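Q:
In the numbering used here, the protein residues as written are 91 to 201.
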């Protein structure tokens, strides 16, 4: 029996959809598809709700009228988001267990 994780998943929040988990190897793509992994992985409702709330929150960091300009968040909110994203990531890794290798690829906003 191999000690390598079977599925590799990348954690990062996309602009627009409430998507934050992406397949990172063929086994993950075959088992869960390419998008919407949040609904297909063995996650608790609480974790799904936290992930959706985090993704919604992240959407407010972008200046949607002028995306190339700085967003509306001040540094304190950037720091709060960073802490929340890292905490969520750790809980996600724990909940999914050893069959999953999750990488933290989230872009962390700065003012």
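Built from N, CA and C at the ideal position, the CB exists for glycine as well. Predicted model, so just to flag it, every value in this text is computed and none were measured.
Going by beta carbon distance, what residues of the same chain come within less than 7 Å of residue 108, once the five residues before and after it are set aside?
A: Excluding positions up to five away in sequence, the list reads 142, 145, 146.
Q: With H, G and I counted as helix, E and B as strand and the rest as coil, what does DSSP make of residue 97?
A: Looking at residue 97 - three-state DSSP - the assignment turns out to be strand.
Q: Rounded to a whole number of angstroms, what is the C-alpha to C-alpha distance between residue 120 and residue 200?
A: Their Cα atoms are separated by approximately 36 Å.
Q: With a threshold of 7 Å between beta-carbons, can residue 134 be considered close to chain C, or not?
A: No chain C appears in the structure shown, which is made up of a single protein chain.
Q: When DSSP labels each residue in this structure, what does residue 110 get in the three-state scheme?
A: Note: residue 110 maps to coil in three-state DSSP.
Q: Sorted by chain position, which residues of the same chain lie with C-beta nearer than 7 Å to residue 138's C-beta, five sequence neighbours on each side aside?
A: Correct list, in chain order: 128.
Q: What do you get for residue 156, buried or exposed, if any count of 16 or more other CB atoms within 10 angstroms of its CB means buried?
A: When all chains shown are included, residue 156 counts as exposed.
Q: Of the residues 197, 196, 194, 188, which one's Cα is nearest the Cα of residue 96?
A: Comparing Cα-Cα distances from residue 96 to each of 197, 196, 194, 188, the minimum goes to 188.
Q: Tell me the rounded alpha-carbon separation between residue 115 and residue 136.
A: Each residue's Cα considered, the two are about 26 Å apart.
Q: Roughly how many angstroms lie between the CA atoms of residue 94 and residue 133, to the nearest whole one?
A: Going from the Cα of residue 94 to the Cα of residue 133 covers about 21 Å.
Q: Please tell me whether residue 185 and residue 98 are closer than 7 Å, where the distance is taken between their beta carbons.
A: No, they are not a contact pair.
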